[in-house]
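Colleague: Okay, handing you the structure first.
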Amino acid sequence: MGHLDHAALGWLTPVLSYVMACTGAALGLRCTVRALGATGRSRRNWLITAASAIGTGIWTMHFVAMLGFSVSGTEIRYDVPLTVLSLLVAMIVVCAGVFAVGYGRDRARALLIGGLTTGLGVASMHYLGMAAVRLHGDVSYDPMRVALSVVIAVVAATAALWAALNIKSPVAVTVASLVMGAAVSSMHYTGMFAVRVQVTPSSEVLPGATAMQFVFPLAVGLGSYLFLTSAFVALSPTAGEREASASAQRPLGSGAH
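For what it's worth, the numbering used here labels the leading residue of the sequence shown as 27, then goes sequentially.
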């Protein structure tokens, strides 16, 4: 049995991955709040931005945390197509969940469907990402911890979508994002503590790319996207601000007849 280290680089990867999860959650919640106050194409665009932010944040959190994952007695590589697929799954399923909430007429039903869909998507992303791991040995999982990680993912996703529907103030969104980031990180490490590796020593070269060759550059790119999009959303005026600006620019006597 190989010894698993989930923080081979110290506290750097857990802390940085938590920051990425919080950033994605905060941006996603803000975009969803904007979407609920918009109509037509604007609502759709805000929801797509929200889904891409949440999906990107969760995926980046997972693989930044994986930079600190090591197993004694074997190197680790990542299957590139499967890793990319895990990102696409995160985006698509989160998008489905966010749209269910954004366009659902029955709030309670939309929240239930959206939370379940998004939570299962987050869990699928995690285990697809783990399926991309290549090492000398066999990987197995503790079923109870896997089930617990899926439950945490569904509860976290439902709570995040509830917050998007019910929380409007920036301070409340920030608090909700910190909680969501903690929940996503808990889901990840619960899933990781379910992992068991039976190492089979070998001198064969493993297929795939190392974390630094592929995962790190992609995570940096997606992280940059999150921060740039956060700046755009922060600087973009709300519907209320646009209305107030338009009112201020109207001539004083324009409404009188």
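Where is the CB? At the ideal position from N, CA and C, for every residue including glycine.
#1: Taking residue 212 as part of the alpha helix (DSSP H), name the residues at either end of that continuous run.
#2: Among 140, 165, 233, which one has its Cα closest to the Cα of residue 190?
#3: Is it buried or exposed, residue 170, if we count other Cβ atoms within 10 angstroms and call 16 or more buried?
#4: Tell me where the beta strand (DSSP E) around residue 161 begins and ends.
#5: Where does residue 166 fall in DSSP's three states?
#6: Could you work out which residue in 70, 160, 135, 181 is closest to residue 231 when comparing CA atoms only?
#7: Taking residue 70 as part of the alpha helix (DSSP H), name the residues at either end of that continuous run.
#8: Can you check DSSP and say which residues form a bridge with residue 245?
#9: How many Å lie between residue 60 and residue 153 at the Cα?
#10: Contact between the region 39 to 56 and the region 76 to 94 is defined here as three or more beta-carbon pairs at a separation below 8 angstroms; is this criterion met?
#11: Quick check on residue 51: buried or exposed, where buried means 16 or more other Cβ atoms within 10 Å of its Cβ?
#12: Counting pairs of beta carbons, one from the region 59 to 75 and one from the region 96 to 112, are three or more of them closer than 8 angstroms?
#13: Buried or exposed: where does residue 176 fall if 16 or more other Cβ atoms within 10 Å of its Cβ makes it buried?
#14: Judging by CA-CA distance, which residue of 125, 114, 225 is the nearest neighbour of residue 102?
#15: For residue 165, I'd like the list of residues in its chain whose CB is within less than 6 angstroms of its CB, leaving aside the five on either flank, ordered along the chain.
#16: For the beta strand (DSSP E) holding residue 60, just list the boundary residues, first then last.
#17: Which same chain residues end up closer than 8 angstroms to residue 33 when comparing Cβ atoms and leaving out the 5 residues on each side of it in sequence?
#18: Is it true that the CB of residue 187 sits closer than 9 angstroms to the CB of residue 83?
#19: Following the continuous alpha helix (DSSP H) through residue 106, name the residue where it begins and the one where it ends.
#20: Residues in the same chain with beta-carbon distance under 7 angstroms from residue 174, minus the five sequence neighbours each way, listed in chain order, please.
#21: So residue 224 is in the beta strand (DSSP E); what residue range does that whole segment cover?
#22: What separation, rounded to the nearest whole angstrom, lies between the Cα atoms of residue 26 and residue 137?
#23: Reducing DSSP to helix, strand and coil, say where residue 284 ends up.
#24: Flag this pair as yes or no: are the beta carbons of residue 199 and residue 55 separated by less than 9 angstroms?
#25: Please check the pair residue 117 and residue 78, which I expect to be a contact at CB under 8 angstroms, by giving their CB distance rounded to whole angstroms.
Modeller: Well, looking at it:
#1: By 1-based counting over the sequence shown, the position of residue 212 is 186. Residue 212 -> alpha helix (DSSP H) spans 196 to 218.
#2: Counting from one through the sequence shown, the residue named residue 190 turns up at place 164. That would be 140, whose Cα lies nearest to the Cα of residue 190.
#3: Locating residue 170 in the sequence shown gives position 144, counting from the first residue. When all chains shown are included, residue 170 counts as exposed.
#4: Working through the sequence shown from its first residue, we reach residue 161 at position 135. Counting along the chain, the beta strand (DSSP E) containing residue 161 begins and ends at 159 to 161.
#5: Numbered from its first residue, the sequence shown carries residue 166 at position 140. Strand at residue 166.
#6: The sequence position of residue 231 within the sequence shown is 205, counting from 1. Among 70, 160, 135, 181, the Cα nearest to that of residue 231 is on 160.
#7: Start at 1 with the first residue of the sequence shown, and residue 70 comes out as number 44. Looking at the DSSP string, the run of the alpha helix (DSSP H) that includes residue 70 is 66 to 92.
#8: For this step, residue 245 is matched to residue 219 along the sequence shown. DSSP, once it has assigned bridges, lists no residue as partnering residue 245.
#9: Residue mapping note: residue 60 aligns to position 34 of the sequence shown, counting from 1. Residue mapping note: residue 153 aligns to position 127 of the sequence shown, counting from 1. Those two C-alpha atoms are separated by around 32 angstroms.
#10: yes
#11: Locating residue 51 in the sequence shown gives position 25, where the first residue counts as 1. Answer is buried; the Cβ neighbour count reaches 16.
#12: no
#13: The count along the sequence shown starts at 1 and reaches residue 176 at position 150. Buried, because 16 or more other Cβ atoms sit within 10 Å of the Cβ of residue 176.
#14: The residue labelled residue 102 in the question sits at position 76 within the sequence shown. Measuring from the Cα of residue 102, the nearest candidate turns out to be 225.
#15: Here residue 165 is taken as the residue at index 139 of the sequence shown, counted from 1. If we look at residue 165 and ignore the five residues flanking it on each side, its Cβ neighbours are 223.
#16: Mapped onto the sequence shown, residue 60 falls at position 34. Segment 38 to 62 is the alpha helix (DSSP H) holding residue 60; no beta strand (DSSP E) there.
#17: Translated into positions along the sequence shown, residue 33 becomes position 7. Around residue 33: 39, 40, 94.
#18: Translated into the one-based positions of the sequence shown, residue 83 becomes position 57. Translated into the one-based positions of the sequence shown, residue 187 becomes position 161. No; because the gap between Cβ atoms is not below 9 angstroms, this pair is not in contact.
#19: Residue numbering aside, residue 106 sits at position 80 when the sequence shown is read from its first letter. From DSSP, the alpha helix (DSSP H) with residue 106 extends over 106 to 129.
#20: If you number the sequence shown from 1, residue 174 lands on position 148. These residues qualify, in order along the chain: 216.
#21: One-based indexing of the sequence shown puts residue 224 at position 198. Element bounds for residue 224: 221 to 225.
#22: The structure shown does not extend to residue 26, since the chain is modelled only from 27 to 283, so the question has no answer here.
#23: Here the chain comprises residues numbered 27 to 283, so residue 284 is not present and cannot be evaluated.
#24: Taking the first residue of the sequence shown as position 1, residue 199 is located at position 173. Taking the first residue of the sequence shown as position 1, residue 55 is located at position 29. Cβ distance < 9 angstroms, so residue 199 and residue 55 count as in contact.
#25: On the sequence shown, residue 117 is found 91 positions in, with the first residue counted as 1. On the sequence shown, residue 78 is found 52 positions in, with the first residue counted as 1. Going by Cβ atoms, the distance from residue 117 to residue 78 rounds to 6 angstroms, so yes, they are a contact pair.
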